[in-house]
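A.B. asks:
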Amino acid sequence: MSRRGVVVGTAVLLAGAGVPAGAAPAGRAGGPVVAGVVVNQGRDVVVGTTHDVTFPVTVTGSGNPALTFVDVDLKGPHGGFFTTDAFCETATACTTRFTVNAHLAPGADDPVDLTDAQAGTWTVDALAETGDGQSVFARDAGSFSLKRAARLTANASPEPVAKGAWLAVGGRLVRADWDTYRYTGYAGRTVKLQFRPKNSSTYTTVATARTNRAGDLHFRVKALRDGYWRWNFAGSATTGAAKAAGDYVDVRP
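Residue numbering for the sequence shown follows this note's numbering, starting at 170 and increasing by one per position.
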């Protein structure tokens, strides 16, 4: 097992270990079946630098007798690995819960952490058992994205500003660095500049800009009416989405 992963629970199945003795291939006639896996209710798992992030992994399937127990492995880039197990809550659904963090876990059975290289697509292996001891191992039964958290700021100036004058909108996009446990600038990313008029609840994209080496954003736009300016980052394959809080600008005649 890689140094960078965590073991939670009592039963451990190493990624790549294959089908345990007595286990049936996924879907063998007459045996239990793993039908699918849903991680975090279909949403990305986004992790920062300080707080634990806990998320569910639900394995669905069937058996005769019913499914009673599941052992789940999460496998990521560059040796990322987490495992845990749980008893099934229904005859066809078994939900485990994983807790991850960028920081080391001193005192744990396997004190390990995430690295930047492990952000991206992860796959899920599932070993499901029935009440009479039959089991089925499903390799790569599901997948999900484990991403680095992002933060985004916005600042529009001058405030107030004369109608028709130029308004400078700046900001900065940073993301969690799992190697240093800090947030650092995210360079070369396209970010939307959005405006919401006063007394409106809807933002509209008015331009796009790319972050510089430090993650900074700069754009100039004509001030035409009162409202809020913000930056909106849609996310990437390794980094979660982020929206800045709107910065209100009073436009005066």
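Backbone N, C-alpha and C define an ideal beta-carbon position, used for all residues, glycine too.
These numbers were taken from a predicted model, which means no experiment stands behind them.
1) Which residue marks the beginning of the beta strand (DSSP E) containing residue 400, and which one marks its end?
2) So, are the CB atoms of residue 316 and residue 408 less than 7 Å apart?
3) Quick test of your reading: residue 344 and residue 318, contact by CB under 8 Å. State the CB separation rounded to the nearest angstrom.
4) Pull the bridge partners of residue 316 from the DSSP assignment, please.
5) Quick check on residue 427: does DSSP put it in helix, strand or coil?
6) How close, in whole Å, do the beta carbons of residue 284 and residue 347 come, if the pair is a contact with beta carbons under 8 Å?
7) Please name the residue, chosen from 200, 337, 323, 254, that lies closest to residue 295 on a Cα-to-Cα basis.
8) Within the chosen definition, does the stretch 346–363 reach the stretch 248–264 through at least 3 CB pairs nearer than 8 Å?
9) Using the rule of at least 16 other Cβ atoms within 10 Å of the residue's Cβ for burial, across every protein chain shown, is residue 244 buried or exposed?
10) If you follow the beta strand (DSSP E) that residue 263 is in, where does it begin and where does it stop?
11) Return helix, strand or coil for residue 209, following the three-state DSSP convention.
12) What did DSSP end up calling residue 339 once you bin it into helix, strand or coil?
13) So does the stretch 297–310 actually touch the stretch 232–244, counting three or more Cβ pairs closer than 8 Å?
14) DSSP three-state call for residue 272: helix, strand or coil?
15) Under the three-state reduction of DSSP, which class applies to residue 225: helix, strand or coil?
16) Under the assumption that residue 290 contacts residue 326 (Cβ atoms under 8 Å), give the Cβ distance between them as a whole number of angstroms.
17) Exposed or buried, which one is residue 219 when buried takes at least 16 other CB atoms within 10 Å?
18) Residues in its own chain within less than 7 Å of residue 388 by CB, not counting five upstream and five downstream?
19) Count the other CB atoms within 10 Å of the CB of residue 314; is the residue buried (16 or more) or exposed (fewer)?
C.D. replies: Reading from the atomic positions:
1) It spans 396–402 - the beta strand (DSSP E) in which residue 400 sits, taken as one unbroken run.
2) Yes.
3) Sure, about 7 Å apart at Cβ, within 8 Å.
4) DSSP lists 215 as partners of residue 316.
5) Because the chain is modelled from 170 through 422, residue 427 falls outside the range shown and cannot be assessed.
6) Contact holds; Cβ gap of about 6 Å.
7) Measuring from the Cα of residue 295, the nearest candidate turns out to be 254.
8) The stretch 346–363 makes no contact with the stretch 248–264, as fewer than three CB pairs between them are under 8 Å.
9) Classification of residue 244: buried, given that the 10 Å Cβ count is 16 or more.
10) Looking at the DSSP string, the run of the beta strand (DSSP E) that includes residue 263 is 262–269.
11) DSSP places residue 209 in helix when its eight states are reduced to three.
12) Residue 339 falls in the strand class under three-state DSSP.
13) Taking a cut-off of 8 Å on C-beta distances, the stretch 297–310 touches the stretch 232–244, as three or more cross pairs fall below it.
14) Coil.
15) Residue 225 sits in a strand when the DSSP states are folded into three classes.
16) About 40 Å; that fails the 8 Å criterion.
17) It counts as exposed.
18) Only 338, 362, 376, 378 meet the Cβ criterion.
19) A residue is called buried once 16 or more other Cβ atoms fall within 10 Å of its Cβ, and residue 314 is buried on that count.
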